[in-house]
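A quick write-up on the structure given underneath.
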Amino acid sequence: MHLVVGATGLVGRAVAQQLRKRACDVRALVRGGAAHPGARSLSQAGVSIVAGDLRDPLAVAGACRGVDTIVCTATSMPAAGGDALQRVDQDGVLGLIGAAERAGVRRFVYTSFSSNIRVDSPLTLAKRSCEARLAESSVQSVILQPSFFMEIWLGPHLGFDAARAQARIYGDGKAGVSYVSALDVAAFAVSAATAPGELQDVLQIGGPEPVSQLGVVAVFERTAGRSFSLEHVPIQALEVQHQSADPLQKTFAALMMAYALGDPVAKARQTADRYGVQLTTVENYAAGLRP
Ligand SMILES: NC(=O)c1ccc[n+]([C@@H]2O[C@H](COP(=O)([O-])OP(=O)(O)OC[C@H]3O[C@@H](n4cnc5c(N)ncnc54)[C@H](OP(=O)(O)O)[C@@H]3O)[C@@H](O)[C@H]2O)c1
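Residue numbers (the working numbering): 7 to 297.
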């Protein structure tokens, strides 16, 4: 039995669906259970829905019972405010790891983020704490450290609006980022969850090659056959936002600063070959194609 925590999200849904396509038994811990708007399509795909929240230790313990492998993609970002980053991304996931150990789970696949992200924030603290906890756990662990997702960072929520030919550039836009598709990250997670035998790994995951923000704009301009208008966010403005006492604002600023500084992932193609994942390029993504 595979337990997916985060199955109503971008990566987790793809993980649950891909596992079902491989005829694996899949359980999903879903806030609100069957009443969650995203639960129905999961049930239709044959995923068994268990109601629960990472902040509820009893529900988490129940969800882990009889489970062989856990894939955790959950995050309280981007919407939840207050202390959600600490209570969900940090304490909630640490609690899940403890529950996995007590339930005799064999393998834990954890979605962290790129090791190049070093700007401090509640999310950075949460990701690195969970990685450290897994490194000393008795459970086999596979830690995924993906770069920035194309679907998010090349999307309108972050000011990249291909339909309107507009892009927001963070910093000078010249540093390379190994943009990766969230669906490719899901493919890594599935491959890690289903690999036979012993597996203990930390995977730096990125697209086939780093592309700068300005390089991405050029790719989209070529694909769409029209020029983009650019809006610039100076790094100094992000540094001011990073001083915020609000954990979510501080985390947003930290991520945008890390994005501006660049995130080139070494040996991304070799890692993808090792896990049998075909990587989506920025060109494929701009053209609406997948490999
Ligand atoms: N975006 C990027 O560029 C990027 C880059 C690297 C790594 N990552 C990491 O990749 C992972 C997957 O991202 P994603 O885009 O798939 O995230 P997402 O779409 O926001 O999904 C988050 C999932 O976590 C669930 N969740 C939130 N709070 C919860 C709680 N208290 N208890 C149980 N489940 C809870 C959500 O459930 P609801 O539907 O109930 O909200 C949802 O299923 C995240 O860990 C993220 O940090 C993201």
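Ideal placement from N, C-alpha and C gives every residue a C-beta, glycine not left out.
For proline 152, the beta-bridge partners assigned by DSSP are Ile211. For threonine 14, the Cβ falls inside the 6 Å cut-off from some heavy atom of ligand 1.
Here valine 115 is buried. Its C-beta has 16 or more other C-beta atoms within 10 Å. In terms of side-chain proximity, the C-beta atom of threonine 79 is found nearer than 6 Å to a non-hydrogen atom of ligand 1. A distance criterion of 6 Å places the beta-carbon of threonine 277 beyond contact range of ligand 1, judged by its closest non-hydrogen atom.
Taking the CA atoms as reference points, glutamate 107 sits about 7 Å from serine 144. Lysine 256 and arginine 93 have their alpha carbons spaced roughly 16 Å apart. Under the three-pair Cβ rule at 8 Å, the stretch 217-230 counts as touching the stretch 280-292. If you look at leucine 9, you'll find it in the beta strand (DSSP E) that goes 8-11.
Our two residues, glutamine 96 and leucine 220, have alpha carbons roughly 34 Å apart in a direct line. Cβ-Cβ separation between alanine 259 and histidine 248: approximately 4 Å, consistent with a contact (criterion under 8 Å). Contact annotation, alanine 22 with alanine 13: C-beta distance approximately 4 Å; criterion of less than 8 Å satisfied. Taken through DSSP and simplified to helix, strand or coil, cysteine 136 comes out as helix. Following the DSSP letters along the chain, one finds tyrosine 265 inside the alpha helix (DSSP H) bounded by residues 253-267. For the pair of segments examined, the stretch 126-146 was found not to touch the stretch 167-176: the number of CB pairs separated by less than 8 Å stays below three. Here alanine 243 is exposed. Its C-beta has fewer than 16 other C-beta atoms within 10 Å. With contacts defined by Cβ atoms closer than 7 Å, leucine 25 and histidine 8 form a contacting pair. Between alanine 80 and isoleucine 55, the C-beta spacing is not below 7 Å.
The C-beta distance from alanine 195 to leucine 150 rounds to 6 Å, short enough to fall under 8 Å. Around the CB of serine 47, fewer than 16 other CB atoms lie within 10 Å, so the residue is classed as exposed. At a threshold of 6 Å, proline 128 does not count as near ligand 1, since its beta carbon sits no closer than that to any of the ligand's heavy atoms. Counting of Cβ neighbours within 10 angstroms places leucine 64 among the exposed residues, the total staying below 16.
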